[in-house]
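Heads up: the sequence shown begins at 1 in the UniProt record's numbering, then just goes up one per residue. A virtual CB, placed ideally from N, CA and C, is assigned to each residue, including glycine.
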Amino acid sequence: MSATQQKTAPKPLPFQWQFVAGAVAGVSEILTMYPLDVVKTRFQLQVGTGGADGYSSIGDCFKKIIKNEGFGTLYRGIIPPIMVEAPKRATKFAANEQYTILYKSILGEDVNKQGLSILTGVSAGITEAFLVVPFELVKIRLQDKANAGKYKGSMDALAKIVKTEGALALYNGLEATLWRHASWNGGYFGCIQGVKNIIPEAETPNGNLARNFVAGAIGGTFATMLNTPFDVVKTRIQNQAKGSVLKYNWTLPGVAMVYREEGFRALYKGFVPKVLRLGPGGGILLVVFDTVSNLIRKHVLHENV
């Protein structure tokens, strides 16, 4: 990063405005890309080829869901992510900013280096994970085809899970979620910093938007490559209801079990729809977050941007 970029780098927004910018960015991303998340979950829950009702490709999955279950199924389970999206994305960006300030102070660093960005991303991911676990669990249960008639909606699923499995069941899969979010955020923010170090800052606002989108998309793609095996195991852990045989308990043994029983490719089940969502989705997140942040600086805080 050049000296000019260091001098002109804006101060972090106050937390409440980071919350607003993160919320707008997150909801924009999820409304655009959510159907791919449903497809990803179906592939991750599918053992082997899934038999006659299984899915052979993204297109096949979309076709069968729409034909057999209706178009609305592609948005089934979206309420929990929408509910958590504001605090989740605000936590992602705000925690990353706060950890950056903290680690710079501890390490005596003046600028964002890639190693520092990875460290702050991992820390932000761990913080984020504690927040999202219950919402992720409800979402997974709603997305599973086997639960189509079991829950009427998000609140019904939440009530039934608490009633039949206990309130602590909402935190099933916490350890796997920590692995998933720490690896994704570390890869995402670390990769963004690396890309921004390579691509010079543009001369125009549109050029900077393009630069942010490219950095965010590359970061989202790389982060997805890192965390998909943890995500596969997390999905399976959270879909195990109380009373069923608990095949998956801890993340690393779960990863080993999937590899042993189904092969390496099974660790990347749902990777294509996941990366199609989180690659461009990572770009959307960064562009919308930076755009909303700049609007807040200009029109609310009256800063020069």
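- Message: Among Arg180, Glu97, Gly166 and Ser56, whose alpha-carbon lies nearest the alpha-carbon of Trp250?
- Response: Arg180
- Query: When the distance is taken between beta carbons, is Ala21 closer than 8 Å to Leu31?
  - Reply: No, these two residues do not count as a Cβ contact at 8 Å.
- Query: Going by the CB atoms, is the gap between Ala157 and Val138 shorter than 8 Å?
  - Reply: Yes, the Cβ-Cβ distance between Val138 and Ala157 is below 8 Å.
- Query: Of all the options Leu142, Val258, Gly243 and Lys150, which has the alpha carbon lying nearest to the alpha carbon of Phe230?
  - Reply: Per the Cα distances, Val258.
- Item | Span of the alpha helix (DSSP H) around Tyr188 | Leu174 to Ile198
- As assigned by DSSP and simplified to three states, the class of Gln114: Three-state result, Gln114: helix.
- Message: Residues in the same chain with beta-carbon distance under 7 Å from Phe135, minus the five sequence neighbours each way, listed in chain order, please.
- Response: Pro80, Pro81, Met83 and Val84
- Query: Between the beta-carbon of Thr41 and the beta-carbon of Thr235, is there less than 8 Å?
  - Reply: yes
- Item | Short Cβ contact (8 Å threshold) for Ser154 with Leu170 | no
- Message: In whole angstroms, give me the CA-to-CA distance for Lys196 and Pro205.
- Response: 15 Å
- Gly281, DSSP secondary structure in three states: Three-state DSSP puts Gly281 in a helix.
- Query: So, helix, strand or coil for Thr41, using DSSP?
  - Reply: helix
- Message: Taking the straight line between their C-alpha atoms, what separation do you get for Leu107 and Glu97?
- Response: 15 Å
- Message: Within 8 Å, do at least three Cβ pairs link the region 209-219 to the region 277-297?
- Response: Here the region 277-297 lies against the region 209-219, with 3 or more beta-carbon pairs under 8 Å apart.
- Item | Same chain only: Cβ atoms within 8 Å of Gly48, ignoring 5 sequence neighbours per side | Gly54 and Glu262
- Message: Could you compute how far the alpha carbon of Asn212 sits from the alpha carbon of Phe19?
- Response: 19 Å
- Is the beta carbon of Phe43 sitting closer than 8 Å to the one on Ala94? no
- Considering only residues of the region 51-112, which uninterrupted alpha helix (DSSP H) runs meet the minimum length of 4 residues and lie entirely inside it, listed in chain order? For the region 51-112, whole alpha helix (DSSP H) runs of length 4 or above, ordered along the chain, are 58-69 and 79-107.
- Query: Whole-angstrom Cβ separation of Gly125 and Asn172, contact assumed at under 8 Å?
  - Reply: 19 Å between Cβ atoms; not a contact.
- Message: I'd like to know whether the C-beta atoms of Lys88 and Gly190 end up nearer to each other than 8 Å.
- Response: no
- Task: Compute the Euclidean distance between the alpha carbons of Lys150 and Ala159, then round it to the nearest angstrom.
- Result: 12 Å
- Are Gly281 and Glu29 close, meaning C-beta to C-beta below 8 Å? yes
- Message: Quick check: the Cα distance between Gln193 and Gly187, rounded to an integer number of angstroms?
- Response: A direct Cα-to-Cα measurement between Gln193 and Gly187 gives close to 10 Å.
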